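Residue numbers (this note's numbering): 3 to 190.
Spelled out as structure tokens, the structure:
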């Protein structure tokens, strides 16, 4: 798990494992050990995490989809939640439409760009590539149009935090239950 995430971060930053190790003062032998399934010692892991701007836990969290696909899905959903298209948000951030096309194909942006996108949406960079951020059904809330910036109440924020702690397979179940309940209110 560590190796795959380490390689994905290298790819996202247009580099390779050995140059990163060299920059951090580590041997190519360490890289070979990681590739063969070993995990870096805690102090080395912290240096690597700091280098890429992720948490140490990131390397051991389950990743349900490839990070590029995960990034695109999260970016698209966040754009939709903000009532904007992916290209419109990119333009605001000074990112080319060509980059957006690459993201749609599964490429993960470089860390500086990833941080810029994360800051814009108020999320962490690692959450953009490691956890699904689902679309919000604005019709359930009734009063907010897609073009308005969504302002969450404290209760809505708490509900979102709780939802994000639930395993992905259970999230789908809770969403189905919530939709069924919301639909019964609409009919009722």
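Glycine residues also receive a C-beta, built at the ideal position from the N, C-alpha and C atoms. None of the values given here were measured: they were computed from a predicted structure.
For residue j and residue i, the rounded distance between their alpha carbons
{"i": "residue 57", "j": "residue 72", "result": "18 Å"}
{"i": "residue 55", "j": "residue 176", "result": "32 Å"}
{"i": "residue 191", "j": "residue 23", "result": "Here the chain comprises residues numbered 3 to 190, so residue 191 is not present and cannot be evaluated."}
{"i": "residue 30", "j": "residue 20", "result": "6 Å"}
{"i": "residue 47", "j": "residue 129", "result": "19 Å"}
{"i": "residue 63", "j": "residue 101", "result": "27 Å"}
{"i": "residue 166", "j": "residue 174", "result": "11 Å"}
{"i": "residue 34", "j": "residue 132", "result": "25 Å"}
{"i": "residue 160", "j": "residue 27", "result": "42 Å"}
{"i": "residue 186", "j": "residue 41", "result": "50 Å"}
{"i": "residue 155", "j": "residue 95", "result": "27 Å"}
{"i": "residue 51", "j": "residue 38", "result": "20 Å"}
{"i": "residue 82", "j": "residue 32", "result": "42 Å"}
Closest residue to residue i among the options (Cα-Cα distance)
{"i": "residue 103", "options": "126, 130, 84 and 75", "result": "75"}
{"i": "residue 16", "options": "116, 173, 170 and 120", "result": "116"}
{"i": "residue 114", "options": "127, 5 and 106", "result": "127"}
{"i": "residue 6", "options": "61, 50 and 182", "result": "61"}
{"i": "residue 77", "options": "124, 157, 43 and 45", "result": "124"}
{"i": "residue 49", "options": "38, 25 and 178", "result": "25"}
{"i": "residue 118", "options": "91, 171 and 99", "result": "91"}
{"i": "residue 84", "options": "156, 122, 51 and 168", "result": "122"}
The segment 104-113 touching the segment 7-21, judged by at least three CB pairs closer than 8 Å
Because the criterion of three Cβ pairs below 8 Å is met, the segment 104-113 and the segment 7-21 touch.
Within the segment 14-92, ranges of the alpha helix (DSSP H) (whole runs, at least 4 residues)
Entirely contained in the segment 14-92, the alpha helix (DSSP H) runs reaching 4 residues are, in chain order, 19-25, 30-37, 44-54 and 69-83.
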